[in-house]
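Student: This structure is in structure tokens; I'll ask about it shortly.
There are 2 protein chains.
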Amino acid sequence: MTVVMPAGVQTARDLVGPAISQAVSRLSPAVRAVASYHLGLSDATGQPITAGGTGKALRPALALLSARAAGVGPERAVVPAAAVELVHNFSLLHDDIMDGDTERRHQPTAWTVFGVGAAILAGDALLALSQDILMETPPYGVWAARCLSAAVLRLIAGQGADLEFEQRDDVEVAECLDMAGDKTAALMACACSIGVIYVGGPPGLAMSLSGFGAHAGLSFQLVDDLLGIWGAPEVTGKPVGSDLRARKKSVPVVTALASDTDAGRDLAKLFGKSEPLTDDEVLHATQLVEAAGAKVRIEEMADAELASALACLADAEMPEDVRAEFAAIAEFITARQW
Amino acid sequence: MTVVMPAGVQTARDLVGPAISQAVSRLSPAVRAVASYHLGLSDATGQPITAGGTGKALRPALALLSARAAGVGPERAVVPAAAVELVHNFSLLHDDIMDGDTERRHQPTAWTVFGVGAAILAGDALLALSQDILMETPPYGVWAARCLSAAVLRLIAGQGADLEFEQRDDVEVAECLDMAGDKTAALMACACSIGVIYVGGPPGLAMSLSGFGAHAGLSFQLVDDLLGIWGAPEVTGKPVGSDLRARKKSVPVVTALASDTDAGRDLAKLFGKSEPLTDDEVLHATQLVEAAGAKVRIEEMADAELASALACLADAEMPEDVRAEFAAIAEFITARQW
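Residue numbers (my numbering), protein chains in the order written: chain A, 329 to 666; chain B, 329 to 666.
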């Protein structure tokens, strides 16, 4: 199955990119250089990249659609769309340090280029900016800021749980799903509802779209976990099997470990090794996760979450073309390309 | 000269401590543990510390006084006082990582106990909470949040400049003073005015107190730089000469390097060494900074900034006991104890 990126995602970058550049231009030169590099606005030497911005602009697209769901033009929601993207990038900058990831979007991560300290600060700056630009337009901007702030706190809780899971070998599937909900779904739910909130649209619509975003976000995270194990490097931008090599407690892995199968127990033994895993062991771990039934189980869960997302969408009142675009994005981000 | 901590600083901890604990209690367990440890609310194993909270509670005391300057009771400004203290601790958590500091308030720093990733997240959480608690009370809470957000962006700019200076040997005194203004004075200016803003007091009073805080904050930073070189370990909580050993580009050091004196040139040579400085070299560097005239120069600047702060204070209309308490705090934090 070939999945084509919905047109709205590209449009979002064109519409929201200038607002992000403008926000980043308020930073001091040293901090701006790191933030701009991370956002794909300039290279490591500070030269502007005219193509302007990497990444999928997925969350901004959802925020713009959210305003359109409330019956207004997408240009009215540029500020909240930019704010959500700033938060997303704050978390990427910090997560890359915590996870020791050296590559993102086929480029060296910011901390490997500028140092850990500079990357921490650039993340801090994007978080601060995200709140700052929303608060400029009370009262709805403040409501939007509160929605975003709640999502940030959940995002932090999710990443905290993720870090903590690394130290534990008794992580339960339910905890792991909570973690994914906090880490990924909360910001997605915010992106889908913040446009409605910012333009003063109906609270009921914001609630329905928040539900849509939460389910679609969880489905997206589950698929991302699957791609982290079975995804081709050209799709994921990461080396084959990197999640298993890092013994990441992703939902499929935890499901396999908790499965009460021989494969699950063998996986636990492999993960219990003190030495780094060899290439053969990573391949074997991949087979064990599948043999434990976790691949099929997570595929089913991802499908169920997508179905729940689409059900939330069906319940809400909005222009039909907007509904179709929301659905197309949900299907796009949960497509399994391997 | 013996300098006694003004009573308001202790009172502030009693009044604001519960609000900080309550804000931190909203964090997920893994993140809360790190934040609570850093704030002195619990030990490394998670046991509550009943004494409750280390640190001087200086900024909360200023925020409470700020409300009193506007003629209302200090209890009205507990939320902004807590928010300012949360921001201060966000920056300490992250700065300790960036600067590689292993001790703070005579305790191992959070990143050495819980790891870099967990300490980054705990800092992120305190920053997010600081905005969140202010936005709960529009409209003045939002004005206060914007004041704080502006201070956070300057604080980040200052820390960014500080990091960048480490890589450069041509830092100018003016840049270095800007850095100190951003890194320390901006949040102090915010603390001194946020109480007025939060209770809807006169904008002119907020401006005067912001000026007072900016000057007092810069004086404080200059004295802190001096203590970083000449301060006794029992006062600073840091090993003797640690700033010089780290070749920190503090204002006295940059002033000495830029002084066009033999001592300044000798210091530049010493700082240009590729090996770590020996104890004797650290002692020699201390003497060179003084011989270059930088100690006297920075003492004069610190005195001048304190005088400017007190002049701002004299200009503003406020109850006389509040004015006296502001002055006492400014004198307390700029006292040179060595």
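Virtual Cβ for every residue (Gly too), placed ideally from N, Cα, C. Quick caveat: nothing in here was measured; it's all calculated off a predicted structure.
Is there a C-beta anywhere in chain A that falls below 7 Å from the one on residue 415(B)?
Tutor: So, not an interface residue.
Student: Distance, Cα to Cα, residue 486(A) vs residue 508(A)?
Tutor: Their Cα atoms are separated by approximately 7 Å.
Student: I need the straight-line Cα distance from residue 364(B) to residue 408(B), nearest angstrom please.
Tutor: Cα-Cα distance, rounded: 19 Å.
Student: With a threshold of 7 Å between beta carbons, is residue 538(B) in contact with chain A?
Tutor: So no, residue 538(B) is outside the interface.
Student: Show which residues of chain C have a CB atom less than 7 Å away from the CB atom of residue 492(A).
Tutor: Absent from the structure is chain C; the protein chains it does hold are A and B.
Student: Counting Cβ pairs, one atom from each stretch, are 3 or more of them under 8 Å apart for the segment 540–552 of chain A and the segment 395–414 of chain A?
Tutor: Cβ pair count under 8 Å is below three, so no.
Student: Determine the DSSP secondary structure at residue 431(B), reduced to helix, strand or coil.
Tutor: Strand.
Student: Can you give the Cα-Cα distance for residue 651(B) and residue 644(B), rounded to whole angstroms?
Tutor: So the two alpha carbons sit approximately 9 Å from each other.
Student: Using a Cβ-Cβ cut-off of 7 Å, state whether residue 366(A) counts as contacting chain B.
Tutor: No - not a single Cβ of chain B is within 7 Å of the one on residue 366(A).
Student: Go through its chain and collect everything with a Cβ distance to residue 548(A)'s Cβ below 6 Å, but skip five positions before and after it.
Tutor: The residues are 661, 662.
Student: Is there a Cβ from chain B that is less than 7 Å from the Cβ of residue 495(A)?
Tutor: No, its Cβ sits nowhere closer than 7 Å to a Cβ of chain B.
Student: Check whether chain A comes within 7 Å of residue 636(B), counting only Cβ atoms and requiring the distance to be less than that.
Tutor: No, residue 636(B) does not count as interfacial toward chain A.
Student: By a C-beta neighbour count over all protein chains shown, 10 Å radius and 16 as the cutoff for buried, is residue 342(B) buried or exposed?
Tutor: Exposed: under 16 other Cβ atoms inside 10 Å.
Student: Quick one: Cα of residue 398(B) to Cα of residue 478(B), how far?
Tutor: Distance between the alpha carbons of residue 398(B) and residue 478(B): 22 Å.
Student: For a test of the three-state rule: what should DSSP assign to residue 436(B), helix, strand or coil?
Tutor: Residue state, collapsed to three classes: strand.
Student: Within 7 Å (strictly less), CB to CB, does residue 574(A) reach chain B?
Tutor: It does not: the Cβ of residue 574(A) has no partner Cβ on chain B nearer than 7 Å.
Student: Report all residues from its chain with a CB closer than 7 Å to the CB of residue 580(B); omit the five preceding and five following residues, and keep chain order.
Tutor: Within the same chain, residue 580(B) has close Cβ partners 553, 554, 557, 617, 622, 623, 626.
Student: Quick one: give me the first and last residue of the alpha helix (DSSP H) that residue 377(B) is part of.
Tutor: No alpha helix (DSSP H) contains residue 377(B), which DSSP labels as neither H nor E.
Student: Check whether the segment 445–453 of chain A touches the segment 422–431 of chain B, taking contact to mean three or more Cβ pairs, one atom from each stretch, closer than 8 Å.
Tutor: Because the criterion of three Cβ pairs below 8 Å is met, the segment 445–453 of chain A and the segment 422–431 of chain B touch.
Student: Threshold first: 4 residues or longer. Then list the alpha helix (DSSP H) segments lying entirely within the segment 453–494 of chain A, N to C.
Tutor: Within the segment 453–494 of chain A, the complete alpha helix (DSSP H) runs of at least 4 residues are 468–494.
Student: Return the first residue and the last residue of the alpha helix (DSSP H) that residue 613(A) is part of.
Tutor: Per DSSP, residue 613(A) belongs to the alpha helix (DSSP H) from 607–619.
Student: Select from 449(A), 471(A), 417(A) the residue whose C-alpha is nearest the C-alpha of residue 492(B).
Tutor: Residue 449(A) is the option with its Cα nearest to residue 492(B).
Student: For residue 329(B), name the three-state secondary structure that DSSP assigns.
Tutor: Per-residue confidence for residue 329(B) stands at a pLDDT of 49, beneath the threshold of 50, marking its modelled position as unreliable; no derived number is given.
Student: Starting from the beta carbon of residue 529(A), find every residue of chain B whose beta carbon is closer than 8 Å, and list them in chain order.
Tutor: What residue 529(A) touches in chain B: nothing, since even the nearest Cβ is about 19 Å away.
Student: Sorted by chain position, which residues of the same chain lie with C-beta nearer than 7 Å to residue 451(B)'s C-beta, five sequence neighbours on each side aside?
Tutor: For residue 451(B), where only same-chain residues beyond five positions count, the Cβ hits under 7 Å are 418, 421, 422.
Student: Could you run through the segment 503–514 of chain A and flag, in chain order, every residue whose CB is less than 8 Å away from some CB of chain B?
Tutor: Answer set for the segment 503–514 of chain A: 510.
Student: Using CA coordinates, which residue listed in 511(A), 582(A), 516(A), 349(A) is at the minimum distance from residue 390(A)?
Tutor: Cα-wise, what sits closest to residue 390(A) is 516(A).
Student: What is the residue span of the alpha helix (DSSP H) that residue 628(B) lies within?
Tutor: Per DSSP, residue 628(B) belongs to the alpha helix (DSSP H) from 622–643.
Student: Rounded to the nearest angstrom, what separates residue 658(B) and residue 405(A) at their Cα positions?
Tutor: Approximately 45 Å, taken between the alpha carbons.
Student: Check the Cβ of residue 422(A) against every Cβ in chain B and list those closer than 8 Å, keeping chain order.
Tutor: The answer, in chain order, is 448, 449, 452.
Student: So which residues of chain B does residue 460(A) contact, with C-beta pairs closer than 8 Å?
Tutor: The answer, in chain order, is 474, 477, 478, 481.
Student: Going by beta-carbon coordinates alone, are residue 472(A) and residue 462(A) separated by less than 7 Å?
Tutor: Yes, the pair counts as a contact, with Cβ atoms nearer than the cut-off.
Student: Secondary structure at residue 370(B), three-state DSSP: helix, strand or coil?
Tutor: Of the three classes helix, strand and coil, the one that applies to residue 370(B) here is strand, per DSSP.
Student: Quick one: measure Cβ to Cβ for residue 393(B) and residue 654(B), integer angstroms, because I've assumed they're closer than 8 Å.
Tutor: Right, their Cβ atoms sit about 6 Å apart.
Student: For a test of the three-state rule: what should DSSP assign to residue 662(A), helix, strand or coil?
Tutor: In the structure shown, residue 662(A) sits in coil (DSSP, three-state: anything other than H, G, I, E or B).
Student: Can you tell me which of 513(B), 497(B), 505(B) puts its alpha carbon nearest to the alpha carbon of residue 304(B)?
Tutor: What is shown of chain B runs 329 to 666, which leaves residue 304(B) out entirely.
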